[in-house]
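Notes for the one structure printed next.
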Amino acid sequence: MRKPSTEIQKPVPIDVCPEKLVTTNPDYSWFTNRPVLTDCTNARPFQTVVSILLNGFDYTNENQIILILRDISVAYPRLTVHLAVPEKIIIPLGLKLNILQHIFGKKQAANNIWNGLVEMATTDYVLVGRRIERFHWYALIERLVRVVSELDVDAVGGALRTPDGHWSMGCQQTRLRNYTLTYTDGYQMSTYSCAYCDYIPTPFVSRTSTLRVIQFKMASPDTVFFDYFLRLQKDRKLVMSCPDAMFYVPANNKDASSLHKQWIPMIKKYTINHVNFADGRHLSFTCEEAKTMFSWTSGIIMPVCTVETLLKGVMDTMDICQKIGLFCHLDGGTTLGALKFNGILPWERDADISYVVSNNTNFWEHRDEFSKLGYTLSVKYPDKCPEFDPHNTGCHCYNLYIPHWRIELWTTPRLMPDYLLGNRIASTKLLLGGRWFHAPTNPALSSRNRLGFEMLKHAEHWISLDYATSWVPYHPELFIKCPQPGSNICLDQYLTDGNMDFTHQ
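Positions in the sequence shown are counted from 1; adding 814 to them yields this note's numbering.
Next comes the structure, spelled out in structure tokens:
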């Protein structure tokens, strides 16, 4: 029989010793004591575990860099700092850091600088020191490394505090749908007092190997990390924020307009027309800037920038109606879009506006009003619509052509207010694109009678469905299969019901 081994089993090596909760510190009233690590013997020296990457190009002068290095020296002595600079700077004596300066060209792209720093790192983990204003042990690098190691997370950041004292958890969720990229502060799940996020706007700890595989792609310092975390999200990588770890970062003083040019490569890459930042800033891009192709392709949402062109055309037409004394109101699918979305249907093919038939010639007489806006008014059925007929249920009399779109102008036998209690109250108005416009007296009843019992549900345009006319009964079913699977512009990622998912906020 084999004798039992008397050899002492060595503990498994770990990256960081576990922490223990201490509540008897003299600072107990504020609970601001630095976390205490257990006195384990199987953790590697911390300076061999993690190093810090610092991009000197993010600062306007050397003094800012020196100040941050002093802070790091006090909070985390003996760590290695990889510093990217256009030329070497003089480092003060007495800093307890291993500072390695790496020279990059003055016009070097941000992604190349960060990827270069990652390549220089020799530790298993790095703190990507983006947006550092000052540095304090509140960063709790040990805790962030422990979370990456034990929870197998790909990036872990912390809370942020700006110079004016504003604190934020540093956890945002990302929504990329309908040509719109939206960032929202908040979290839905957490583990170990760390929240799961899509995007973290702070410095973060990651495995060096992860950064070498995924890499930074965008050249602009304003978009390099937005792109990085979008790709992490697409690859279903885990990102967290541990808000007890806090970073001092500069305030977001850049006006959205100053970011416009830097974001153009991003919006082209991801097919975006709008960007909504968590702090309320907003970016909008034209179809030309975004290189968004106009296409009536079934299964795909109309580009937001082209839908906005149609929306403007409808507004301009309604304004001209008022100017020349015509009573015009929204009709057909345009009424339905205003009713359900306060806007244009995301799968629209045209717009519909009706006016009283007795004023039919007024449109043609004032066609110059449309020409001034670059629009073209043409006669659709010149022989059918000119005479007033109280029994006429409507006639498609004119087409108004605007860039990419057509607005159909239909006659109606009488003014809408004629139906309203002896014409003693105002006509009904629907909200469309932030403005109120005349509409059928009871727009939902009109739409239900016109389209069927499930008019609040969605169906693509009758042309996309290969129907002979728009009078074919409305059958809400699944959206047509998208020809670009996985894209944010696919209709089949949505339910054929509800309006919340189609907003641009």
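Quick reminder that beta carbons are idealized off the backbone N, C-alpha and C, glycines included. Since the model is a prediction, treat every value here as computed from it, not as a measurement.
Identified DSSP bridge partners for residue i
{"i": "Arg-1220", "result": "Tyr-1215"}
{"i": "Arg-991", "result": "Thr-994"}
{"i": "Gly-1190", "result": "Just to set this straight, residue 1190 is Thr in the shown sequence, not Gly. Tyr-1215."}
{"i": "Tyr-873", "result": "In the DSSP output, where bridge partners are listed per residue, Tyr-873 has none listed."}
{"i": "Lys-1243", "result": "His-1252"}
{"i": "Gln-861", "result": "Answer is none; Gln-861 lacks a bridge partner."}
{"i": "Glu-833", "result": "Leu-851"}
{"i": "Asn-1225", "result": "According to the sequence as given, residue 1225 is Thr; it is not Asn. Thr-1225 pairs with Tyr-1169, Cys-1209."}
{"i": "Pro-882", "result": "First, the amino acid is wrong: residue 882 is Ile here, not Pro. In the DSSP output, where bridge partners are listed per residue, Ile-882 has none listed."}
{"i": "Leu-868", "result": "Leu-897, Gly-943"}
{"i": "Ile-1303", "result": "Note: Ile-1303 sits in no beta bridge, so no partner."}
{"i": "Ile-904", "result": "None, per the DSSP bridge assignment."}
Span of the alpha helix (DSSP H), counted from its first residue to its last, around residue i
{"i": "Tyr-1042", "result": "1038-1048"}
{"i": "Phe-1030", "result": "Taken as a continuous stretch (DSSP letters only), Phe-1030 belongs to no alpha helix (DSSP H), as it is neither H nor E."}
{"i": "Tyr-1084", "result": "1070-1084"}
{"i": "Tyr-934", "result": "Sequence inspection shows Met at residue 934; the Tyr mentioned does not correspond to that position. Met-934 -> alpha helix (DSSP H) spans 924-934."}
{"i": "Ala-1104", "result": "1101-1104"}
Limits of the unbroken beta strand (DSSP E) element including residue i
{"i": "Ser-1055", "result": "1053-1062"}
{"i": "Leu-897", "result": "894-899"}
{"i": "Asn-1090", "result": "1088-1090"}
{"i": "Asp-1182", "result": "Looking at the DSSP string, Asp-1182 is not in any beta strand (DSSP E); the run it does join, the alpha helix (DSSP H), is 1181-1185."}
{"i": "Ser-1260", "result": "Counting along the chain, Ser-1260 falls outside any beta strand (DSSP E), though it belongs to the alpha helix (DSSP H) covering 1257-1265."}
{"i": "Ala-1165", "result": "1165-1170"}
{"i": "Asn-1313", "result": "Where Asn-1313 is concerned, there is no enclosing beta strand (DSSP E), given that its DSSP letter is neither H nor E."}
{"i": "Leu-914", "result": "912-917"}
{"i": "Leu-1292", "result": "No beta strand (DSSP E) holds Leu-1292; DSSP gives it neither H nor E."}
{"i": "Ser-1098", "result": "1096-1098"}
Cα-Cα separation between residue i and residue j, rounded to whole angstroms
{"i": "Arg-944", "j": "Val-826", "result": "33 Å"}
{"i": "Ile-917", "j": "Phe-871", "result": "11 Å"}
{"i": "Pro-1204", "j": "Trp-1276", "result": "Reliability fails at Pro-1204, whose pLDDT of 49 lies under 50, so the model's placement of it is uncertain and the value that follows must be treated cautiously. Computed Cα separation, rounded: 29 Å."}
{"i": "Met-1132", "j": "Thr-1148", "result": "12 Å"}
{"i": "Cys-1209", "j": "Thr-1226", "result": "7 Å"}
{"i": "Pro-1290", "j": "Ser-1261", "result": "14 Å"}
{"i": "Thr-994", "j": "Ile-1086", "result": "6 Å"}
{"i": "Leu-1097", "j": "Asn-1090", "result": "7 Å"}
{"i": "Ile-1294", "j": "Tyr-1084", "result": "22 Å"}
{"i": "Arg-1220", "j": "Val-1038", "result": "40 Å"}
{"i": "Ile-1078", "j": "Glu-1103", "result": "7 Å"}
{"i": "Lys-834", "j": "Thr-1005", "result": "17 Å"}
{"i": "Asp-900", "j": "Leu-909", "result": "Per the sequence shown, the amino acid found at residue 900 is Pro instead of Asp. Distance between the alpha carbons of Pro-900 and Leu-909: 21 Å."}
{"i": "Phe-1184", "j": "Asp-978", "result": "52 Å"}
{"i": "Gly-1266", "j": "Trp-1285", "result": "11 Å"}
{"i": "Met-1323", "j": "His-1218", "result": "It is not possible to answer for residue 1323, since the shown part of the chain is limited to 815 through 1319."}
{"i": "Asp-1012", "j": "Cys-854", "result": "34 Å"}
{"i": "Gln-1076", "j": "Ser-1034", "result": "6 Å"}
{"i": "Glu-876", "j": "Val-1063", "result": "17 Å"}
{"i": "Thr-998", "j": "Thr-976", "result": "18 Å"}
{"i": "Tyr-1327", "j": "Leu-1044", "result": "This structure leaves residue 1327 out entirely; the chain is present only between 815 and 1319."}
{"i": "Cys-831", "j": "Leu-851", "result": "6 Å"}
{"i": "Phe-1202", "j": "Lys-1243", "result": "With a pLDDT of 45 at Phe-1202, under the threshold of 50, the modelled position of that residue is not reliable, and the figure given next carries that caveat. Distance between the alpha carbons of Phe-1202 and Lys-1243: 25 Å."}
Beta strand (DSSP E) segments (min. 3 residues) lying fully within the stretch 1108-1158: 1142-1144
Entirely enclosed alpha helix (DSSP H) segments - the stretch 939-1025, minimum 4 residues: 955-965
Cβ pair count under 8 Å reaching 3, the stretch 1290-1310 against the stretch 1094-1113: yes
Any 3 or more C-beta pairs closer than 8 Å across the stretch 1245-1265 and the stretch 1151-1162: yes
contact_flag[the stretch 904-924, the stretch 953-962] where n(CB pairs < 8 Å) is 3 or more: no
Stretch-stretch touch, CB-based, cutoff 8 Å, three pairs: the stretch 1264-1275 with the stretch 1046-1057: no
Cβ contact (3+ pairs, closer than 8 Å) linking the stretch 1007-1016 and the stretch 975-992: yes
Cβ contact check for the stretch 1154-1169 and the stretch 1242-1255: 3 or more pairs under 8 Å: yes
Meets three-Cβ-pair contact criterion under 8 Å: the stretch 853-860 and the stretch 878-885: no
Stretch-stretch touch, CB-based, cutoff 8 Å, three pairs: the stretch 930-946 with the stretch 1018-1037: yes
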